[in-house]
Every structure is written in C-alpha cells, then in structure tokens.
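>
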Amino acid sequence: MMASTEGAVEDAGARASGQGDEAPKAQEASLKRKSAEPKKQTAKKKKKARANRTARPGYTVHEGEDMLLVISSSASQYDGSVWAPKKKRGKKNNAATSKGKGKKNTATKKKKSKTILRTAAVEEKGEEMFVAAKPSDHRWGQNLPEEVLVNIFKMVLTQDGAVPFLCRAARVCRLWNAAAATPVLWRRVAVGHCWVAPGKSQLPKTQSQIKDTLDWLAQNRFSQLRDFSLHHWSKNVDHAVDFQVEGLLAYLESHGAQIRQIWFTHGWKNDRVLASISRGCCPDLELLEVNTRLDSKDGELAVCVQALQAACPKLKTFRMLNIHPLHKSMRHAAQLSPGFPLLEELCIATASYSYVTDKYLRDILFGSPRLRVLDLRGCSQITSAGLAALPCLELECLFWGQYFSSHVVSSSLKKGLHAVTQKWKHTLRQLDVANQLFSEEDLELAMCHLASANNANTLHSLNLSGTRITLVALRSLIGQMTALDYLNLSSCRSLPRGLKRVYRGQEAIRQLLGKLE
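Mapping the sequence shown onto the numbering used here, position 322 (from 1) lands on 415, and the numbers just tick up by one.
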C-alpha cells in the first residue's frame with residue numbers, strides 16, 4: 094500500500110511537470126489581469142477627479158471707497174492640497190506589480206512637478222487665477238468673489254434699478270442670492286410696473302401678493318433705504334406709504350443724530366416726520382426741504398418755527414417749496430430759541446397764494462445774520478419795509494417775483510423798493526422783482542441805488558419782467574453795471590417795442606445800451 098501510494102504521488106508530480114511552464118504562466122497572467130483591472134478603474138477615477146477640479150484663488154478681495162484691492166496670499170490654505178494630493182499607502186503584491194507602480198509613480202511625479210511649476214509661473218506673471226475646466230464651462234458666475242459680483246450689480250442698478258432686477262438675480266444661485274441681499278444695493282429703490290402691465294387692472298390676489306412683497310422687502314432689504322419712489326401706482330399707495338413713514342420715524346429716532354440733510358414731499362401722512370424733527374431727533378441737521386407738486390391742493394403745513402429753531406440750531410438751508418406754512422406757536426415761552434444763527438438760505442417760494450407775512454418772515458430770520466439767499470417768489474404779502482427790517486446785511490440773491498395767476502395780483506401800486514436796493518446794493522448779485530407793481534419813480538430811484546454801488550461788478554442777473562421800468566432808469570443802471578449778463582425786460586409796458594425781451598450775455602446788453610443812447 095505504501096509503494097502504490099508513493100507511485101501515485103510520483104505520477105501526479107510527473108503529470109504536473111509534464112505540462113511544462115504553461116500552468117504557472119496562466120496563473121500569473123490571471124493574477125495580473127485581476128490586479129490591473131481595479132488599478133485602471135482607480136486611475137480613471139483619479140483622472141476624472143483632476144479634470145473636474147478648479148484652481149481655488151490664492152488671494153483675498155478688499156473693497157475700498159472707489160476700487161477693489163486684490164491681494165495675493167503667499168501662504169494659502171489650498172497650497173499643496175490642490176496640485177499635490179497625499180499618496181495612499183498600500184502593500185506591494187509582487188515584484189512585477191511594484192515595478193509597474195514605480196514607473197507610473199515616476200511619471201506622475203513628473204506631471205505633478207510640471208503642474209506646480211506652471212502654477213508658480215502663473216502666479217508670478219499675475220495671470221488669471223480662475224480657469225474653467227473646459228472651454229465650454231459657463232460657471233464663471235459661481236466662481237466670482239462676492240465683492241466683485243456686488244460691484245457688477247451696482248453698475249446694473251444705475252440703469253435698471255433695484256426692483257425687479259435684484260429680486261430676479263437672487264433666484265440664480267446661492268452666491269447671487271447673497272450678493273443681491275447686500276444692503277448697499279437697496280439704498281435707492283423705485284417701484285413701477287413690476288407686477289401688472291401698464292393700463293391693466295390688478296386682481297385682488299395680485300394686490301395681496303404686492304402687499305406681502307412690500308412687507309417682506311421692508312423687513313429684510315430696506316435697512317439702508319435712502320430714496321424710495323412709486324411710479325404709476327393707483328392702488329396700494331397708502332399701504333406702501335404707511336410702512337415707509339413708520340420705518341422713517343423709527344430710523345429718525347435711532348439714527349437721527351447722524352443725519353445732515355433731509356428732503357421729503359409733503360403729504361397727509363408726512364406731518365409726523367416734521368413733528369419728529371421738531372422734537373430734536375436730528376440736532377445736527379443742516380438742510381431741510383419740504384416740497385409738494387405744483388397742482389397739489391393739500392399744501393398747508395403747520396410749522397412751529399420756534400420748536401424747529403430749538404431742535405435744529407445748525408440748520409443752514411431751509412426750503413418750503415410750494416408749501417403754505419401755517420404759524421404754530423409753542424406752549425411754553427421759556428423755550429424760545431435764538432433763531433437760526435447759521436442759516437444761509439431760506440426758500441418759501443410758491444406758485445399760488447401765500448400766507449407768509451412780514452411778521453412770520455421776521456420770526457424765522459430774526460437771528461440769521463449770515464443769510465445769503467432769500468426766495469420769496471409768490472409771497473405777495475411781504476412788503477419792502479418788512480425786507481428792509483431784516484437783520485441780514487450781506488444778502489446776495491433776492492427772488493421776489495410774482496408768478497401766480499393774474500386774478501390774485503393786486504392792482505394797487507407798491508412803494509419802497511428803493512429801500513431794499515439801498516440796503517443790499519453792495520452785495521446783491523441776483524435780483525428778481527418780476528410782476529411787482531412798483532411806481533416808475535420808485536423803480537428809477539431803486540436802479541440809481543444799484544448803479545451807485547462801490548463795486549460795479551457785483552450785479553450779474555436782473556429780472557424786471559412785467560414792471561414799469563423806464564428808459565431813464567435803464568440807462569443809469571446798464572451804464573454802470575459792467576458785469577451784468579442777464580436782463581429780462583419782457584412785458585415791460587413803459588418800454589418801446591423791440592426792446593421788451595430777454596438779453597443774455599454782456600455783448601447783447603452793450604448793444605442795448607447803444608440803442609438807449
């Protein structure tokens with residue numbers, strides 16, 4: 094039994110050796126194929142991963158007042174991780190496999206070194222850091238720094254406005270949404286035909302959506318709002334104005350000390366704004382303008398001048414355009430202020446009838462010696478004596494023309510213009526007394542005072558349209574005022590035909606003087 098068994102073993106060994114070297118070779122080939130297939134798949138995955146990677150920026154963006162600063166960072170957090178990934182540790186199977194890996198690793202190292210050198214050369218030359226994976230890749234908007242995208246949006250807003258552009262841009266991607274939410278972009282907002290085409294009525298559902306949208310914008314986007322306007326709206330106006338006024342009042346109470354200039358259009362909701370200012374929420378205010386439309390029927394505004402003087406002692410410009418100010422006195426006389434000591438411009442111009450009297454004007458200007466500009470166009474109740482009594486000694490511009498409808502104008506002649514020109518003949522640069530019915534003698538005396546000024550280069554503009562100016566008064570004035578470059582003589586009934594027109598430029602005025610002589 095032992096012999097037979099050993100013989101069987103010997104026969105099996107002989108058969109195995111008799112097959113020659115074919116069996117080991119087949120086994121080695123099968124092992125190589127099995128080990129090579131996962132390596133090829135891993136290499137393909139690595140190649141795809143490298144192809145899809147994009148170079149991350151090695152710089153930071155800082156926004157200045159008028160430019161963007163791009164500063165490269167030498168120690169970027171992405172250095173090495175993008176171009177030279179860490180090697181994966183693994184066991185070597187056999188000598189043949191290790192030789193193949195060695196060749197591939199050597200080739201890979203060469204490629205990596207070339208890539209690193211190329212990247213360093215790009216950084217030294219200052220070339221573009223963002224390179225798309227493929228020429229057809231249009232994902233540049235997702236790779237831009239947010240600061241750059243915000244500045245691009247600013248350029249678009251100058252032409253298209255914030256609404257609806259920013260609302261639509263916010264739906265592109267997360268980056269655009271974050272950029273569109275920047276408060277700086279929402280400082281000026283004009284809302285027009287955004288939801289409904291012009292001329293079409295709004296459905297109840299649309300009106301509800303508009304209200305919800307306005308409420309959301311007011312709570313989430315209008316933190317730095319400075320200018321808001323509604324165009325072509327017939328509905329939802331009250332709702333929009335309500336949240337604007339409430340937001341403005343809250344802003345004045347919390348940040349009024351930082352405000353220097355305020356403009357607002359007068360309306361039935363805006364009296365609260367002026368009342369808030371009069372309570373002292375804007376102590377450093379320098380400019381205040383309240384205006385309304387020329388055809389507005391609701392132009393009356395109750396103004397407590399004494400409270401405003403106490404609340405805004407630094408006011409330099411005060412304008413009430415087409416407003417009918419109503420006098421409102423303070424309850425406690427002890428709170429009287431010294432007026433507006435720094436006031437340089439007062440405008441109470443209107444295109445309709447005015448309630449401003451000499452007393453009201455004196456209450457505003459009794460403590461304003463620095464006044465330079467006084468606009469009283471339309472204030473027919475102001476007299477020459479009231480102007481001459483003002484404490485302003487260096488007035489440069491006086492606009493006192495009457496431009497409202499003729500049926501309101503009084504037909505009785507006025508007197509005292511000569512007292513006004515005598516008071517400010519050395520400082521007046523512009524004088525407008527259009528449609529003021531002063532007598533011919535008064536006008537002649539007033540022009541003589543202007544002509545007798547020490548500096549003949551002072552007066553530059555004179556509007557005598559619709560007055561009773563005579564040729565004698567014109568000769569004495571034009572002959573002395575060498576710097577005069579605007580003269581309005583239209584509708585002057587006392588002048589002959591051919592002279593009643595507007596003269597612009599010193600040459601045209603010199604030709605007029607030649608005709609008068």
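All C-beta atoms, glycine included, are put in the ideal place defined by N, C-alpha and C.
When you compare the segment 571-579 with the segment 532-547, are there three or more beta-carbon pairs, one atom per stretch, that lie closer than 8 angstroms?
As far as the Cβ criterion goes, the segment 571-579 touches the segment 532-547, which means the pair count is three or higher.
> DSSP has Pro418 in a bridge; who is on the other side?
Paired residues: Leu394.
> Output needed for Ser584: all residues of its chain with C-beta closer than 7 angstroms, excluding positions within five of it in sequence on either side, in chain order.
So the qualifying residues of the chain are Ser558, Gly559, Lys593.
> Exposed or buried, which one is Ala262 when buried takes at least 16 other CB atoms within 10 Å?
Buried is the call here.
> Does DSSP classify Ser581 as helix, strand or coil?
For clarity, residue 581 is Asn in the given sequence; the question names Ser instead. Strand.
> Quick one: what's got a C-beta closer than 7 angstroms to Ala377's C-beta in the same chain, skipping five residues either side?
Here the sequence assigns Asp to residue 377, which means Ala is not the residue at that position. Hits under 7 angstroms: Ala350, Arg353, Lys407.
> Is the segment 363-377 in contact with the segment 429-438, if contact means three or more CB pairs nearer than 8 angstroms?
Because the criterion of three Cβ pairs below 8 angstroms is not met, the segment 363-377 and the segment 429-438 do not touch.
> Tell me where the beta strand (DSSP E) around Thr358 begins and ends.
Start and end: 354-358.
> Quick one: which unbroken beta strand (DSSP E) runs of 3-plus residues sit fully inside the segment 492-568? Chain order, please.
523-525, 554-556, all fully within the segment 492-568.
> If you draw a straight line from the alpha carbon of Val243 to that of Leu310, how long is it in whole angstroms?
So the alpha carbons of these two residues sit roughly 18 angstroms apart.
> Take Glu610 as the anchor and find which of Ser587, Gly591, Gln599, Arg568 has the nearest alpha-carbon.
The option with the nearest alpha carbon to Glu610 is Arg568.
> For Phe315, which beta-bridge partners are listed by DSSP?
Its beta-bridge partners do not exist; DSSP assigns none.
> Within 10 angstroms of its Cβ, does Met248 collect 16 or more other Cβ (buried), or is it exposed?
It counts as exposed.
> Under three-state DSSP, which class holds Phe71?
Outside the modelled stretch of the chain, which goes from 94 to 610, sits residue 71, for which no answer is possible.
> Whole angstroms are fine: how far does the CA of Leu605 sit from the CA of Gly392?
Straight-line Cα distance between these residues: approximately 42 angstroms.
> Where does Leu367 sit, in a helix, a strand or coil, going by DSSP?
Three-state result, Leu367: helix.
> Where do the N-terminal and C-terminal ends of the alpha helix (DSSP H) with Tyr453 fall, by residue?
Its alpha helix (DSSP H) spans residues 451-458.
> Going by the CB atoms, is the gap between Glu379 and Thr410 shorter than 8 angstroms?
Going by C-beta atoms, Thr410 is nearer than 8 angstroms to Glu379.
> So, for Asp468: in the same chain, excluding its five sequence neighbours on each side, which residues have a beta-carbon less than 6 angstroms away from its beta-carbon?
Once the five neighbours on either side are set aside, the close Cβ partners of Asp468 are Cys440, Ala442, Phe492.
> At what residues does the alpha helix (DSSP H) containing Leu242 begin and finish?
Per DSSP, Leu242 belongs to the alpha helix (DSSP H) from 239-253.
> Please state whether DSSP places Ala482 in a helix, a strand or coil.
Coil, per DSSP.
> Only counting the same chain, and skipping five residues up and downstream in sequence, which positions put a Cβ closer than 6 angstroms to that of Glu382?
Excluding positions up to five away in sequence, the list reads Trp356, Arg412.
> Using alpha carbons as the reference points, say which of Ala343, Asp525, Thr251, Pro297 lies closest to Gln312.
With distances taken between Cα atoms, Gln312 lies closest to Ala343.
> What residues in its chain sit with their C-beta under 6 angstroms from that of Glu216, if we drop five residues either side in the sequence?
Below a pLDDT of 50, predicted positions are generally treated as unreliable, and Glu216, at 43, falls in that range; the measurement from the model is reported next regardless. Same-chain partners within the cutoff: there are none.
> When the cut-off is 8 angstroms and only beta carbons count, does Arg314 lie next to chain B?
Within the model displayed, chain B is absent; a lone protein chain is all it includes.
> Under the three-state reduction of DSSP, which class applies to Val595: helix, strand or coil?
Strand, per DSSP.
> Quick check: the Cα distance between Leu580 and Ala478, rounded to an integer number of angstroms?
Approximately 25 angstroms between the Cα atoms of the pair.
> Quick check on this structure: which residue in Asn270, Arg281, Pro257 has the alpha carbon closest to the alpha carbon of Glu239?
Of the candidates Asn270, Arg281, Pro257, the one whose C-alpha sits nearest the C-alpha of Glu239 is Asn270.
> Note down the Cα distance separating Asp305 from Leu552, rounded to an integer number of angstroms.
Cα to Cα, the separation comes out at about 57 angstroms.
> Should Arg597 be labelled buried (16 or more other beta-carbon atoms within 10 Å of its own) or exposed?
Looking at its Cβ environment, which holds fewer than 16 other Cβ atoms inside 10 Å, Arg597 is exposed.
> Quick check on the burial criterion: 16 or more other C-beta atoms within 10 angstroms. Buried or exposed for Lys298?
Classification of Lys298: exposed, given that the 10 Å Cβ count is below 16.
> Could you tell me which of Cys472, Ser422, Glu534 sits nearest to Ala527, measuring between CA atoms?
If we check each option's Cα against that of Ala527, Cys472 comes out closest.
> Using the Cα positions of Leu458 and Ala482, report the straight-line distance between them to the nearest angstrom.
So the alpha carbons of these two residues sit roughly 10 angstroms apart.
> Pick out whichever of Tyr496, Arg264, Thr385, Gln317 has its Cα sitting closest to the Cα of Pro276.
Taking only the C-alpha atoms, the option nearest Pro276 is Gln317.
> Distance check for Leu555 and Leu582, CA to CA, integer angstroms please.
Going from the Cα of Leu582 to the Cα of Leu555 covers about 9 angstroms.
> In chain order, what residues of the same chain lie with their CB nearer than 8 angstroms to the CB of Asp578, ignoring the 5 residues before and after it?
The residues are His553, Ser554, Arg597, Gly598, Gln599, Ile602.
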